[in-house]
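In our numbering, the protein residues as written are 561 to 669.
Even for Gly, the Cβ is constructed at its ideal location relative to N, Cα and C.
Comments concern the structure below.
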């Protein structure tokens with residue numbers, strides 16, 4: 561990883577199965593553990609004119625080493641705090657000189 565790591569994470573990947581009622585449900589299984597990465601929370605305030613009040617918007621961005629096997633829809637569990645993040649999108653920027661970190665758009669589960 562090119563940047564500073566904030567901790568280690570477990571990648572949790574769902575596999576589809578069917579419950580007793582015939583509904584498809586995800587069974588979460590640990591896919592990789594001990595993956596070094598970074599998750600940063602950014603907070604901003606926005607004015608909502610409909611309610612005439614200010615709301616706080618939190619966004620989460622993850623950075624992991626190039627080539628880490630993370631897919632859209634996976635979950636990341638912080639091994640220290642136990643917080644679970646949902647991977648909304650994965651972006652692998654291109655570069656001629658080096659292999660840049662993967663940038664993840666995350667939300668808290």
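Alpha-carbon to alpha-carbon, residue j and residue i
i, j, result
"residue 628", "residue 620", "18 Å"
"residue 625", "residue 612", "42 Å"
"residue 589", "residue 658", "33 Å"
"residue 575", "residue 586", "5 Å"
"residue 667", "residue 609", "25 Å"
"residue 653", "residue 580", "43 Å"
"residue 591", "residue 656", "31 Å"
"residue 564", "residue 601", "15 Å"
Span of the beta strand (DSSP E), counted from its first residue to its last, around residue i
i, result
"residue 606", "584 to 608"
"residue 651", "644 to 651"
"residue 619", "613 to 624"
"residue 638", "635 to 638"
"residue 662", "662 to 668"
Residue i at chain D interface by Cβ criterion, 9 Å
i, result
"residue 655", "This model lacks chain D altogether; it includes just one protein chain."
Supposed contact pair residue j and residue i - C-beta distance, whole angstroms, cut 8 Å
i, j, result
"residue 634", "residue 572", "7 Å"
"residue 607", "residue 614", "6 Å"
"residue 669", "residue 650", "Incorrect: roughly 17 Å between the Cβ atoms, too far for contact."
"residue 623", "residue 663", "6 Å"
"residue 598", "residue 566", "5 Å"
Which listed residue (the options) has its alpha carbon closest to that of residue i
i, options, result
"residue 562", "667, 661, 668", "661"
"residue 641", "565, 569, 652", "569"
Per-residue burial, residue i [other beta carbons within 10 Å of its own, 16 or more giving buried]
i, result
"residue 647", "buried"
"residue 582", "exposed"
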